[in-house]
């Protein structure tokens, strides 16, 4: 269900899981738009020469996945703040799952706090963070 | 502070001195202009579905919230900033949004060191430098983008 107003949100609610496109072509598109065209992000072989396990999904792209998940859940939600911690690399062409859970609801300000994670198929958290989202108080 | 052009392990006096010398002083100013296509491509690649971020024809079209975190200052650290002895890496990013960022607008990014602190754990001590770029349209503050750089201290030889 899409969230439209604050009263639609329940404390402890899990947001629908979003599986982002981490394919090399999509990462290259992102890097071009962001002016982040370093080979460690766009070329597996070049990244391996740097000692990395493969090309990396830029941290700012993982942050973008988190914001996208929030807007898929609440299309009119106004993200005021996102704080992300990069715990471990996110590798291009591997599968990840973007998850979120509502940890606080402020009825007065219309703000919702969400805990966020990027996890791999093994269930390991690679990126985590929090977001503050403002929702409409009423339709 | 000891010689700034040599890496060295850091003590709490170094932290205090670095805070006094570098916190909240703007050390870089840079201008940026972006097209609507760049904003839309950034958002679509991230999987955004809200049309105010993906469709340049939307009446409220704007950069997706995290976009300012992609901006680089001209210089990453202020002149004379201490080079701590250890392995450095990007520990995280944060964004605070105040107003929308529109395409075609000349933005000014002003960058300062916002915090310097240490944390100690089982694997040793880490020194964090929090670099903040404030993004302005004229004198209007649109967003603040934080980059946290961590140096994991090497044991003293």
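Chains as they are written, first to last, in the numbering used here: chain H, -2 to 136; chain P, 46 to 202. Glycine included, every Cβ here is placed at the ideal spot set by N, Cα and C.
Under 8 Å by beta carbon: chain P residues contacting residue i
i: residue 78(H); result: 139, 140, 141 and 142
i: residue 81(H); result: 137, 138 and 139
i: residue 18(H); result: 90 and 92
i: residue 23(H); result: 90
Amino acids of chain P, ordered along the chain, whose beta-carbon sits closer than 7 Å to that of residue i
i: residue 56(H); result: 135 and 138
i: residue 26(H); result: 86 and 90
Chain-ordered neighbours of residue i on chain H, where CB pairs are closer than 7 Å
i: residue 95(P); result: 68 and 72
i: residue 109(P); result: 61 and 64
Proximity winner among the options, relative to residue i (alpha-carbon distances)
i: residue 62(P); options: 160(P), 81(P) and 164(P); result: 160(P)
i: residue 13(H); options: 117(H), 80(H), 96(H) and 105(H); result: 96(H)
i: residue 22(H); options: 188(P), 69(P), 91(P) and 132(P); result: 91(P)
i: residue 146(P); options: 108(P), 75(P) and 84(P); result: 108(P)
i: residue 24(H); options: 53(H), 11(H) and 110(H); result: 53(H)
Assumed close pair residue i, residue j - CB separation to whole angstroms, cut-off 8 Å
i: residue 110(P); j: residue 140(P); result: 6 Å
i: residue 90(H); j: residue 126(H); result: Incorrect: roughly 23 Å between the Cβ atoms, too far for contact.
i: residue 118(P); j: residue 66(P); result: That pair is no contact at about 18 Å.
i: residue 111(H); j: residue 128(H); result: 5 Å
Neighbouring residues, chain P, relative to residue i (Cβ below 9 Å)
i: residue 32(H); result: 83, 115, 116 and 117
i: residue 15(H); result: 92
Residue i (DSSP reduced to helix, strand or coil)
i: residue 96(H); result: strand
i: residue 7(H); result: coil
i: residue 51(P); result: A caution first: residue 51(P) carries a pLDDT of 46, below 50, which makes its placement in the model unreliable, though a value can still be read off. Three-state result, residue 51(P): coil.
i: residue 133(H); result: strand
i: residue 173(P); result: strand
i: residue 126(P); result: coil
i: residue 139(P); result: strand
i: residue 155(P); result: strand
i: residue 46(P); result: Because the pLDDT at residue 46(P) is just 42, under 50, the model does not fix this residue reliably, and the point stays unresolved.
i: residue 21(H); result: helix
i: residue 75(P); result: strand
i: residue 166(P); result: strand
i: residue 197(P); result: strand
Contact set between residue i and chain H, taken where Cβ atoms lie within less than 9 Å
i: residue 218(P); result: Chain P is shown from 46 up to 202; residue 218(P) falls before or after that span and cannot be answered.
heavy atom of the ligand GTP below 6 Å from residue i C-beta
i: residue 106(P); result: This structure does not include the ligand GTP; it has no bound ligands of any sort.
Hey, which unbroken runs of the beta strand (DSSP E) at 3 residues or more fall wholly within the segment 67 to 128 of chain H?
-> 75 to 83, 93 to 103 and 108 to 117
Every unbroken beta strand (DSSP E) within the segment 69 to 116 of chain P, with a cutoff of 3 residues, ordered by chain = 71 to 77
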